[in-house]
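Working notes, structure below.
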Amino acid sequence: MIDHTRSSLWRFIQTWFSYELQDNELFCGGFARQYDQNDGKCGTCGDPYDGERKNEAGGIYATGFIARRYEKGQDIEVEIQLTANHLGSFVFKICPNNDITTQVSQECLDQNVLELAGQPGVTRYEPGSVIGLHNVKLALPADMTCEQCVLQWHYTAGNNHNGPQETFINCADVAIDDDEDPINPPPVTSRPPTTKASTQPPTTTTKSTTQRPLTTTKRTTTTKPTTKAPSTTTTSSSGHVTSCEADEVIDCIGVGVYAGKGYERWCNTYCGDQHAACSPDLCQCSCIPKAKCRAIGGYETIPGMDKYCEDACQYGCYDHLSDMCSCD
Numbered sequence: 025m026i027d028h029t030r031s032s033l034w035r036f037i038q039t040w041f042s043y044e045l046q047d048n049e050l051f052c053g054g055f056a057r058q059y060d061q062n063d064g065k066c067g068t069c070g071d072p073y074d075g076e077r078k079n080e081a082g083g084i085y086a087t088g089f090i091a092r093r094y095e096k097g098q099d100i101e102v103e104i105q106l107t108a109n110h111l112g113s114f115v116f117k118i119c120p121n122n123d124i125t126t127q128v129s130q131e132c133l134d135q136n137v138l139e140l141a142g143q144p145g146v147t148r149y150e151p152g153s154v155i156g157l158h159n160v161k162l163a164l165p166a167d168m169t170c171e172q173c174v175l176q177w178h179y180t181a182g183n184n185h186n187g188p189q190e191t192f193i194n195c196a197d198v199a200i201d202d203d204e205d206p207i208n209p210p211p212v213t214s215r216p217p218t219t220k221a222s223t224q225p226p227t228t229t230t231k232s233t234t235q236r237p238l239t240t241t242k243r244t245t246t247t248k249p250t251t252k253a254p255s256t257t258t259t260s261s262s263g264h265v266t267s268c269e270a271d272e273v274i275d276c277i278g279v280g281v282y283a284g285k286g287y288e289r290w291c292n293t294y295c296g297d298q299h300a301a302c303s304p305d306l307c308q309c310s311c312i313p314k315a316k317c318r319a320i321g322g323y324e325t326i327p328g329m330d331k332y333c334e335d336a337c338q339y340g341c342y343d344h345l346s347d348m349c350s351c352d
């Protein structure tokens, strides 16, 4: 398992992510619930359509952790482990979502169906009756880059003769870069899957021989030579900064094997909010002066845009916001 799906991250990076012992059961709540209650509908990442979306943005398993970073146009190898074979076929879709707090839309995913590598126009992989590992090579779009893409695995079973089929869906957060010289991520310790007594649906994960962790551009800060009141900074028992003075914000960086490897944005999102995924082994936080961000390029006339830019760009703007926001 290389490109870890959202609810399976705990199997690889222990203590940072919430456990989901049924991560191989993202099947829309089951056949009866999908078709009898929800008219065949399913959550975008395999959750029941009428239930809690734990695997979508805002859900407990959608931490926004970028599992792998690829290059645009790259051929990647995807590994799927079937614990029970239902025939049918796999389809892989990808969407440049670029906002870990926003749920990916199925419409965006449907616009970017991945082709099998070396097979133009072919988008379906048929596993046949083989139980176990299936290695599938996929071609990423030649013109797509993203800070956060959602990669969706969609398995439509084929063992229900002349009728609706069971559906399995899973999502992973990846990124696509447009430069070369990829950096391999640090090794992680995997956790063996939990054996279940019930019939087990398939699970999906993806792997690639070229990987790159998330990289972001961090702004530089300068210390103002002013006299300040006594510090009101507080820290938690684990050593994380939990609050700063009024003119400061919490700034977090990767440490240890993650130092300098582009985990700043992820650390700031989850450690700054005291998220359960934050770990002192991964991130270190301190207080820095607030950046002064504002809307530009015609967006300055839109009510609330200055506040949006200030919230979105405190730790450096994503590329797609560079024509909307500017920070001093």
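So the numbering used here is basically just the index in the sequence shown, starting at one, shifted up by 24. Think of the CB as a built atom: it goes at the ideal place given N, C-alpha and C, for glycine as much as any other residue.
On the DSSP letters alone, give me the boundaries of the alpha helix (DSSP H) that Y94 sits inside. That residue, Y94, is in no alpha helix (DSSP H); its beta strand (DSSP E) goes R92 to E95.
Please list, in chain order, all residues of the same chain as I124 whose beta carbon is under 6 Å from its beta carbon, the five residues on each side excluded. If we look at I124 and ignore the five residues flanking it on each side, its Cβ neighbours are G88 and Q172.
To the nearest angstrom, how far is it from the Cα of C132 to the Cα of I118? Using only the alpha carbons, I get a separation of about 8 Å.
How is the beta strand (DSSP E) around L175 delimited, first residue to last? Membership of L175 in the beta strand (DSSP E) is indicated by the continuous run C170 to T180.
Given this structure, state the Cα-to-Cα distance separating R58 from F192, to the nearest angstrom. At residue 58 the sequence reads Gln, which differs from the Arg that was named. Taking C-alpha positions only, Q58 is separated from F192 by approximately 11 Å.
For Y149: DSSP bridge partner residues: Paired residue(s): F114.
Pairs of beta-carbons, one from the region 59-66 and one from the region 95-103, closer than 8 Å: are there three or more? Using a Cβ-Cβ distance cut-off of 8 Å, the region 59-66 and the region 95-103 are not in contact, since fewer than three pairs of beta carbons, one from each stretch, lie closer than that value.
What's the gap between the Cα of F114 and the Cα of D305? Pairing F114 with D305, the inter-Cα distance amounts to about 37 Å.
Where the beta strand (DSSP E) containing Q105 begins and where it ends: That run of the beta strand (DSSP E) goes D99 to L106.
Contact with chain C by E324, beta-carbon distance below 7 Å: The chain labelled as chain C is not found in the depicted structure, where only one protein chain is given.
Along the beta strand (DSSP E) that carries K161, what are the first and last residues, could you check? K161 -> beta strand (DSSP E) spans G156 to A163.
Determine the burial state of L157: buried for a count of at least 16 other Cβ atoms within 10 Å of its Cβ, exposed for fewer. Counting the other Cβ atoms within 10 Å of the Cβ of L157 gives fewer than 16, which makes it exposed.
Apply the 10 Å Cβ neighbour rule to Q338 and answer buried if 16 or more other Cβ atoms are within range, or exposed otherwise. Flag for Q338 reads buried.
Output the boundary residues of the alpha helix (DSSP H) element that contains Q130. Taken as a continuous stretch (DSSP letters only), the alpha helix (DSSP H) holding Q130 covers Q130 to D134.
If you draw a straight line from the C-alpha of N122 to the C-alpha of V160, how long is it? Rounded to the nearest angstrom, the two C-alpha atoms are 26 Å apart.
Helix, strand or coil at T325 [DSSP, three-state]: It is helical.
So, under 8 Å CB-CB, A163 and A141 are touching, yes? Tell me the CB distance rounded to an integer number of Å. Right, their Cβ atoms sit about 5 Å apart.
Beta-carbon gap between L33 and N194 smaller than 7 Å: Pairing L33 with N194 gives a Cβ-Cβ distance that is not under 7 Å.
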